[in-house]
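Colleague: Sharing a structure with you now.
Residue numbers (our numbering), protein chains in the order written: chain A, 9 to 210; chain B, 1146 to 1272.
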C-alpha cells in the first residue's frame, strides 16, 4: 500500500497563526473619546469609511465586551488613572490604538495639565498621527494593528498585559500606603519615571 | 395504563429526547466548552464594577436606600387616583348632581387614609 497523497486536502499551520488570524479579524473597538478625534471616529464607523470591513463593526461602550481601546483625544493628568482603569477592565487579549497627536505625544498641549502621550500610563500598540487624523488614517492604523497582531506570539501578548497588571498593583499599593487619590499616585509615578529617564510607568 | 395512553408513549419519549438534546446543547455550549476554551485571568481591578473608570463611591449599585421613598410612592398613587377620578367627575357634575354624595363618601374614605398616614408620620421626611 503506497503513501496516500493528501496534496492540498489538508492545510497545516501554527496555533499562533490561526488564533491571531481570528483575533485580528474580530476586533471589538472601545472608543475612549475625549476630543475631536472622537468626532472623526464617528465617520470611521459610519457607512462611508465603514470600519466593519475590517471585522471591527461591533463597537462597545463597555470595556467588558471590547478588546481594542481607541484613545480618541487629549488625555489629561486627571484622566490618566481613568484610562488605566478602563484598560485594566477590558477583556483579554487587548490592544490599544492612540489616535491623534494628543493621545500619541500630548501634541500641541505641552502643558502641566496634559499627559504627554497615553503610552506613559498604558501600553499603546499603534500611534495614528494627525490632528485629528482623517478617517483613512485611522483605518490605516487599524490595518497596521492587524498586521502587528498577525505577527505577534500569544505568550508575548500575555506577558505584555501581565506587565501592565503588575503596574496596576503597584499603583494600588502606593495609593493605600500614602492615602492618596489615584490621580495623585499616577502623577507621582509618571514624574518618578521621568526623573529616572524613563517615560512609561507600566 | 389504558391502551389509549400507551399509544401516546412514543410522543412522551420524543418529548424527553428533545428535552435531553436541548439541555445537552445548552450545557455543552454554555458551560463545558467555554470552561475549556475561554481565557480566564481575573484581576482585582478587572473585577471591580465599571463606573467609566472613576473610583467607586459605593459598593456597586445594590446599596440600600430609605423606605421613605416607598411611602412617598404609595401616597402619590393614593392622591393620583383621587385626582384622576375627581377631574372627569367635576366636568360632568352639573348634569349629574346626584353623584355629589357618592363622591363625598369616596373623598372621605381617602381622607381617613390621609389622616392615618399623617398621624403615622409618613409625611414627616426629616425623621
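Every residue gets a Cβ at the ideal spot worked out from N, C-alpha and C, and that includes glycine.
Ordered along the chain, which non-local residues of its own chain (more than five positions away) have a Cβ less than 8 Å from that of residue 1193 of chain B?
Modeller: Contacts found: 1201.
Colleague: Of all the alpha helix (DSSP H) runs that stay within the bounds of the stretch 28 to 74 of chain A, which reach a length of 4 or more residues?
Modeller: Listed in chain order, the complete alpha helix (DSSP H) runs (minimum 4 residues) inside the stretch 28 to 74 of chain A are 44 to 53.
Colleague: Taking only beta-carbon atoms, is residue 70 of chain A less than 9 Å away from chain B?
Modeller: With 9 Å as the cut-off, residue 70 of chain A counts as an interface residue toward chain B.
Colleague: Does any residue of chain B have a CB that is nearer than 9 Å to the CB of residue 89 of chain A?
Modeller: With 9 Å as the cut-off, residue 89 of chain A counts as an interface residue toward chain B.
Colleague: Residue range of the alpha helix (DSSP H) that residue 157 of chain A falls in?
Modeller: Note, residue 157 of chain A: alpha helix (DSSP H), 143 to 159.
Colleague: State the beta-bridge partners of residue 1166 of chain B as determined by DSSP.
Modeller: In DSSP, residue 1166 of chain B forms no bridge with anything.
Colleague: How would you write the range of the beta strand (DSSP E) that residue 105 of chain A sits in, first residue to last?
Modeller: Start and end: 103 to 107.
Colleague: In the stretch 167 to 178 of chain A, which residues sit with their C-beta less than 9 Å from some C-beta in chain B, listed in chain order?
Modeller: For the stretch 167 to 178 of chain A, which is checked against every Cβ of chain B, the residues closer than 9 Å are 169, 170, 173, 176 and 177.
Colleague: Comparing C-alpha positions only, which one of A:171, A:178, A:162 and A:105 sits nearest to residue 2 of chain A?
Modeller: A query on residue 2 of chain A cannot be resolved here, the shown segment of chain A reaching from 9 to 210 and no further.
Colleague: Mind checking residue 198 of chain A: buried by the 16 CB within 10 Å criterion, or exposed?
Modeller: Burial call: buried.
Colleague: Under 7 Å Cβ-Cβ, which residues of chain E neighbour residue 1199 of chain B?
Modeller: Here chain E cannot be found, since the structure's protein chains are A and B.
Colleague: Straight-line CA distance for residue 67 of chain A to residue 1261 of chain B?
Modeller: Each residue's Cα considered, the two are about 54 Å apart.
Colleague: What residues from the stretch 97 to 123 of chain A come within 7 Å of chain B, judged by C-beta to C-beta, listed N to C?
Modeller: Residues passing the 7 Å Cβ filter: 97 and 100.
Colleague: Could you check whether the Cβ of residue 12 of chain A sits closer than 9 Å to any Cβ belonging to chain B?
Modeller: No, residue 12 of chain A lies away from the interface with chain B (no Cβ there is under 9 Å from its Cβ).
Colleague: Looking at C-alpha atoms only, which residue of A:101, A:200 and A:69 is the closest neighbour of residue 1185 of chain B?
Modeller: Of the listed residues, the one whose Cα sits closest to residue 1185 of chain B is A:101.
Colleague: Expressed to the nearest angstrom, what Euclidean distance is found between the alpha-carbon atoms of residue 36 of chain A and residue 73 of chain A?
Modeller: Residue 36 of chain A and residue 73 of chain A: Cα-Cα distance of roughly 7 Å.
Colleague: Anything in chain A within Cβ reach of residue 1188 of chain B, meaning under 7 Å, just list it in chain order.
Modeller: By Cβ distance, chain A contributes 96 and 173.
Colleague: With a threshold of 16 other CB atoms inside 10 Å of the CB of residue 32 of chain A, please say whether the residue is buried or exposed.
Modeller: It counts as buried.
Colleague: Would residue 1195 of chain B count as contacting chain A if we go by Cβ distances under 9 Å?
Modeller: Residue 1195 of chain B counts as touching chain A.
Colleague: Using a C-beta to C-beta distance shorter than 7 Å, which residues of chain B count as neighbours of residue 93 of chain A?
Modeller: The contacting residues are 1190 and 1198.
Colleague: Check whether the stretch 86 to 93 of chain A and the stretch 133 to 148 of chain A are in contact - that is, three or more C-beta pairs closer than 8 Å.
Modeller: The answer is no - the stretch 133 to 148 of chain A does not touch the stretch 86 to 93 of chain A, with fewer than three Cβ pairs under 8 Å.
Colleague: Under 9 Å, Cβ to Cβ, is there at least one residue of chain B near residue 180 of chain A?
Modeller: Residue 180 of chain A counts as touching chain B.
Colleague: Is it buried or exposed for residue 75 of chain A, if we count other Cβ within 10 angstroms and need 16 for buried?
Modeller: It is buried - the Cβ of residue 75 of chain A has at least 16 other Cβ atoms within 10 Å.
Colleague: Verify whether the separation of the beta carbon atoms of residue 1221 of chain B and residue 1255 of chain B is less than 9 Å.
Modeller: Cβ distance not < 9 Å, so residue 1221 of chain B and residue 1255 of chain B don't count as in contact.
Colleague: Out of A:146, A:184 and A:21, which one is the CA nearest neighbour of residue 46 of chain A?
Modeller: When only C-alpha atoms are compared, the closest one is A:146.
Colleague: Just to confirm, are residue 107 of chain A and residue 133 of chain A a CB contact at a threshold of 9 Å?
Modeller: No.
Colleague: On the DSSP bridge list, what partners appear for residue 79 of chain A?
Modeller: DSSP, once it has assigned bridges, lists A:40 and A:106 as partnering residue 79 of chain A.
Colleague: Where do the N-terminal and C-terminal ends of the beta strand (DSSP E) with residue 1177 of chain B fall, by residue?
Modeller: That residue, residue 1177 of chain B, is in no beta strand (DSSP E); it is neither H nor E in DSSP.
Colleague: Inspect the beta-carbon positions of residue 189 of chain A and residue 29 of chain A and report whether they are closer than 9 Å.
Modeller: It is not a contact, given that the beta carbons lie outside the stated cut-off.
Colleague: Tell whether a beta-carbon distance below 9 Å holds between residue 125 of chain A and residue 78 of chain A.
Modeller: Not a contact, by the Cβ cut-off of 9 Å.
Colleague: Taking only the alpha-carbon atoms, compute the straight-line gap between residue 38 of chain A and residue 71 of chain A and give it to the nearest angstrom.
Modeller: So the alpha carbons of these two residues sit roughly 7 Å apart.
Colleague: Which of the three DSSP states, helix, strand or coil, is assigned to residue 84 of chain A?
Modeller: Three-state result, residue 84 of chain A: strand.
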